[in-house]
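Q: What follows is a structure written as structure tokens; I'll ask about it next.
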Amino acid sequence: MPQRRPSAKTGMNRCLQAPEILQLICSQLPNDRPSDRQRLLAVALSCRALLEPALDRLWLKIPSFRPIMATLPTELWKVDKKGTGTNPWTVLGVRRAIVPTDLDRYMAYYAHRIREVDIGLLKATFSLEVWLGLQMATSWKHGALSPSAQKINWALSGSKQAVLSKEVLDQAFPFFSLFMGPNTSYLSFTFASDTTIHTASVRSAPGIPSRLKELQLIDVAPATLGLSFLTNYLRTTSWNNLEILRIANISADAISHLSALPNVTILEIWSLRDLPRLHVYSDTDWKTPPPHVEEMPNTAFPSLETLNLISGSSESIEAFIQHLPPDNYLHTLQCTVNRVEPSGDAMTSLLASIRLHCDPKSLRKLVLKTGPPLLAFTPIEDLEMQPNEGVNLTPLSVFEELEELSLNFPININLLPADIDFIVESFPLLVKLKVDTNVSDAVVARLDHNHVLRLLYDLPFLKKLGLRFDATQITGEEMIPASSIHTRPAPLEKIWVGDSPIYSPEAVIKFLERHCPNLNLNKLETVQLNEEYSHSVPVMVYKRRWMAVRDSTIVDRESP
């Protein structure tokens, strides 16, 4: 007799018997919102095969203390309702002493599944008596409530918790040790350095995990108060395993301690302020480095590859960069100025410091920008201007290995035709070039579509391009420039056009389809303005025309 082929239902049943497939299915289910967690619980209870993988997913991350509350005996709790009608919150006390057997169910079925403790907005917490009882019931063992947790995000400060009182938050703060154990590799504290219980707790944390690789310290106290704490904190241990460090403002005295961290590859500092520059470089210093630059010991920042600096002043950013020895391994430098508008001289000085304190053999990504990132910056312009005013990019010429160059500071770089020649000749490996796309001012773009063509055909690896350029002369019939190095255009995938002037959306579409065959016009980005303008204002007319370029391609692709 011929053998019967197994039915689709039988094949599906076999799939559901494979633990790795069930684990893969459940890992795709979201678990961030309360509704997601309810859905996961329903999946876990739907059949025996899905119970374990769904519970693993459900308990992978706990965003509050409620999961623990729900698994301990109900007769244990004494509920204290607090807050107003619009913002109620709960503190759980105890009717009797907590004993180890109260934790048996939680420890046996749930604790070992937790990989991440990410405390979000709390509406319920434990009393101090409960926290101490949990600590005693687990014999003061670090990480007892989540022994396999790798990530701890402990945000128990008033700035992050808008519902609970400061008193109960401060009482709970030290008990992160119940969740953080030897296996923890990521630790993030949101704390106030002017609160004693916070600083004492944070200071004790490094001694618990044996393999801490990533540390983030978000100090919500006034910036000047946290400087001494952070400086002393960096001295508490050698931080031999630390690879990623994210901190707020830092004093000049603390930089020497930062520079000695042996394995830190990623360093991010935000709210950087009042940092004095070591030197004010002249226009010629970048051509002939001063002696002190060559004499800097190359032992500082021995492993640093990515540096992200955020400040209200370009001078503080430049000051930190001047602590880098020129012979370093920095691959990515990202600088964000979020308040003060730098002058052209300040920008030139910053570029000179980058030239002198970054190694051309290592640097691949340079990003200089302003914040917030989604809104265009409208600078106050002088009454008298010159057509060639802008920023001299020549100090960057040595960085021939650059793959990304993004210059969107709150000052117009104002690229000139000669700058396009400079970019093509100096940075042949560029994958991303983005300049002046979030500045909206009265400066007339000196570039046009011919310069865009030069970039497309002379930078063979270019995938992302952002420029202000004059698109009004585009006809859609433009051919490959005769002087082009390559006959095929770059594989451009994304474009930012800022407030570039444009006349004919139809002609621009033809131009882009011919010379940018890989471009996804659905993702074309134009200027994001921080003010409301009349529809008749030129920048709004240009914006509507660029949106027509984007939207017409969507219609074309959806039409039969």
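Just so you know, this note's numbering puts 121 at position 133 of the sequence shown, and the rest follows in order with no gaps. From the three backbone atoms N, C-alpha and C, an ideal C-beta is built for every residue, glycine too. Here the structure is a predicted model, which means the values were calculated and not measured.
Please specify which runs of the beta strand (DSSP E), each continuous and at least 3 residues long, are wholly inside the segment 91 to 171, giving them in chain order.
A: 104 to 106, 112 to 114 and 139 to 143
Q: Please give me, in chain order, every unbroken run of the alpha helix (DSSP H) with length at least 4 that falls completely inside the segment 278 to 362.
A: Counting only runs of 4 or more, we get 279 to 282, 302 to 309 and 332 to 345.
Q: Would you check whether the ligand MN has a heavy atom nearer than 6 angstroms to the C-beta of Gly131?
A: Looking for the ligand MN in the displayed structure turns up nothing, as the structure carries no ligands at all.
Q: With distances taken from CA atoms, which of Ile305, Ser259, Val252 and Ser302 is nearest Glu293?
A: Mapped onto the sequence shown, residue 293 falls at position 305. The shortest Cα separation from Glu293 among Ile305, Ser259, Val252 and Ser302 belongs to Val252.
Q: State the Cα-Cα distance for the pair Arg533 and Gln516, rounded to the nearest angstrom.
A: Counting from one through the sequence shown, the residue named residue 533 turns up at place 545. Counting from one through the sequence shown, the residue named residue 516 turns up at place 528. Cα-Cα distance, rounded: 14 angstroms.
Q: From Asn326 to Ser302, what distance separates their C-alpha atoms?
A: The residue labelled residue 326 in the question sits at position 338 within the sequence shown. The residue labelled residue 302 in the question sits at position 314 within the sequence shown. Approximately 9 angstroms between the Cα atoms of the pair.
Q: Entirely within the segment 406 to 488 and at least 4 residues each: give me those alpha helix (DSSP H) ranges in chain order.
A: 437 to 446
Q: Mind checking Trp227: buried by the 16 CB within 10 Å criterion, or exposed?
A: Along the sequence shown, one-based indexing puts residue 227 at 239. With 16 or more Cβ atoms within 10 Å of its Cβ, Trp227 is classed as buried.
Q: By how many angstroms is the C-alpha of Thr78 removed from the C-alpha of Arg343?
A: Walking along the sequence shown from the start, residue 343 turns up at place 355. Walking along the sequence shown from the start, residue 78 turns up at place 90. Their Cα atoms are separated by approximately 56 angstroms.
Q: My assumption, with CB atoms under 8 angstroms, is that Ile399 sits in contact with Met467. Please give the rounded CB distance.
A: In the sequence shown, the residue the question calls residue 399 occupies position 411. In the sequence shown, the residue the question calls residue 467 occupies position 479. Incorrect: roughly 36 angstroms between the Cβ atoms, too far for contact.
Q: Going by DSSP, what residues sit across from Glu256 in a beta bridge?
A: In the sequence shown, residue 256 corresponds to position 268, counting from 1. Note: Glu256 sits in a beta bridge opposite Arg234 and Asn296.
Q: Below 6 angstroms CB to CB, which residues in the same chain sit around Phe179 once its five sequence neighbours on both sides are set aside?
A: Position 191 of the sequence shown, counting from 1, holds the residue named residue 179. Take Phe179, set aside five residues on each side of it, and the residues of its chain with a beta-carbon closer than 6 angstroms to its own are Ser145, His186 and Val190, in chain order.
Q: Would the beta-carbon of Pro194 fall within 7 angstroms of that of Thr225?
A: Here residue 194 refers to the residue found at position 206 when the sequence shown is read from its first residue. Here residue 225 refers to the residue found at position 237 when the sequence shown is read from its first residue. Cβ distance < 7 angstroms, so Pro194 and Thr225 count as in contact.
Q: Candidates Lys420, Pro278 and Phe397: which alpha carbon is nearest Ser331's?
A: In the sequence shown, the residue the question calls residue 331 occupies position 343. Comparing Cα positions, the closest option is Phe397.
Q: How many angstroms separate the CA atom of Asn451 from the CA atom of Ala478?
A: Looking up residue 451 in the sequence shown gives position 463. Looking up residue 478 in the sequence shown gives position 490. For the record, residue 451 in the displayed sequence is Lys; it is not Asn. Each residue's alpha carbon lies about 7 angstroms from the other.
Q: To which residues does DSSP link Glu501 through a beta bridge?
A: Within the sequence shown, the letter at position 513 stands for residue 501. None, per the DSSP bridge assignment.
Q: When the Cα atoms are used, what is the spatial distance from Gly359 to Thr276?
A: Position 371 of the sequence shown holds residue 359. Position 288 of the sequence shown holds residue 276. C-alpha separation (whole angstroms): 33 angstroms.
Q: For Ser611, which residues does DSSP report across the bridge?
A: Outside the displayed span of the chain (-11 to 548) sits residue 611, for which this structure offers no information.
Q: Using the rule of at least 16 other Cβ atoms within 10 Å of the residue's Cβ for burial, across every protein chain shown, is Arg198 buried or exposed?
A: By 1-based counting over the sequence shown, the position of residue 198 is 210. One point to set straight first is that residue 198 is Ser, not Arg, in the sequence displayed. Answer is exposed; the Cβ neighbour count stays below 16.
Q: Grouping DSSP H, G and I as helix and E and B as strand, with all else coil, what is Ile9?
A: Residue numbering aside, residue 9 sits at position 21 when the sequence shown is read from its first letter. The answer is helix: DSSP assigns Ile9 an H, G or I state.
Q: Spatial neighbours of Asp347 within its chain, please: C-beta separation below 8 angstroms, excluding the five flanking residues on both sides.
A: Here residue 347 refers to the residue found at position 359 when the sequence shown is read from its first residue. Excluding sequence neighbours, Asp347 sits near Pro314, Asp315, Asn316, Tyr317 and Leu318.
Q: Taking 8 angstroms as the threshold, find out whether the segment 23 to 31 comes into contact with the segment 67 to 77 through three or more Cβ pairs.
A: no
Q: In angstroms, rounded to a whole number, what distance separates the CA positions of Val118 and Val82?
A: The residue labelled residue 118 in the question sits at position 130 within the sequence shown. The residue labelled residue 82 in the question sits at position 94 within the sequence shown. In a straight line, the C-alpha of Val118 is about 6 angstroms away from that of Val82.
Q: On the DSSP letters alone, give me the boundaries of the beta strand (DSSP E) that Leu80 sits inside.
A: Walking along the sequence shown from the start, residue 80 turns up at place 92. For Leu80, the enclosing beta strand (DSSP E) begins and ends at Pro76 to Val82.
Q: Are the segment 82 to 91 and the segment 101 to 113 touching, with three or more C-beta to C-beta distances below 8 angstroms?
A: no
Q: Would you kindly work out how many angstroms separate the C-alpha atoms of Gly486 and Asp539, rounded to a whole number?
A: To locate residue 486, count along the sequence shown from 1; it is residue 498. To locate residue 539, count along the sequence shown from 1; it is residue 551. Their Cα atoms are separated by approximately 17 angstroms.
Q: Between Ile298 and the rest of its own chain, which residues show a CB-CB distance below 6 angstroms, the 5 nearest in sequence each way excluded?
A: Along the sequence shown, one-based indexing puts residue 298 at 310. Spatial neighbours of Ile298 in its own chain (CB-CB distance under 6 angstroms, excluding positions within 5 residues in sequence) are listed in chain order as Trp258 and Thr324.
Q: DSSP state of Trp227, grouped into three classes?
A: Indexing the sequence shown from 1 puts residue 227 at position 239. Note: Trp227 maps to coil in three-state DSSP.
Q: Who are Glu388's beta bridge partners in DSSP?
A: Position 400 of the sequence shown, counted from the start, is the residue given in the question as residue 388. Answer is none; Glu388 lacks a bridge partner.
Q: As a quick exercise: from Leu230, Ile235, Glu202 and Asn229, pick the residue whose alpha carbon is nearest that of Leu218.
A: Locating residue 218 in the sequence shown gives position 230, where the first residue counts as 1. The shortest C-alpha separation from Leu218 is found at Ile235.
Q: By the DSSP assignment, the beta strand (DSSP E) with Gln516 in it spans what residues?
A: Against the sequence shown, residue 516 aligns to sequence position 528. Taken as a continuous stretch (DSSP letters only), Gln516 belongs to no beta strand (DSSP E), as it is neither H nor E.
Q: In this structure, how does DSSP classify Lys531 when only helix, strand and coil are distinguished?
A: Taking the sequence shown and counting its residues from 1, the one referred to as residue 531 is at position 543. Helix at Lys531.
Q: Out of Arg261, Gly454, Ala143 and Tyr445, point me to the one whose CA is closest to Val423's CA.
A: Translated into positions along the sequence shown, residue 423 becomes position 435. The shortest C-alpha to C-alpha distance from Val423 to any of Arg261, Gly454, Ala143 and Tyr445 is the one to Gly454.
Q: Please check the pair Ile490 and Leu507, which I expect to be a contact at CB under 8 angstroms, by giving their CB distance rounded to whole angstroms.
A: What you label residue 490 is simply residue 502 of the sequence shown in a count that begins at 1. What you label residue 507 is simply residue 519 of the sequence shown in a count that begins at 1. That pair is no contact at about 16 angstroms.
Q: Under the three-state reduction of DSSP, which class applies to Tyr174: helix, strand or coil?
A: The residue you call residue 174 lines up with position 186 of the sequence shown. Strand.
Q: Using DSSP bridges, identify the partner residues of Gln549.
A: Because the chain in this structure spans residues -11 to 548, residue 549 falls outside the shown range and cannot be described.
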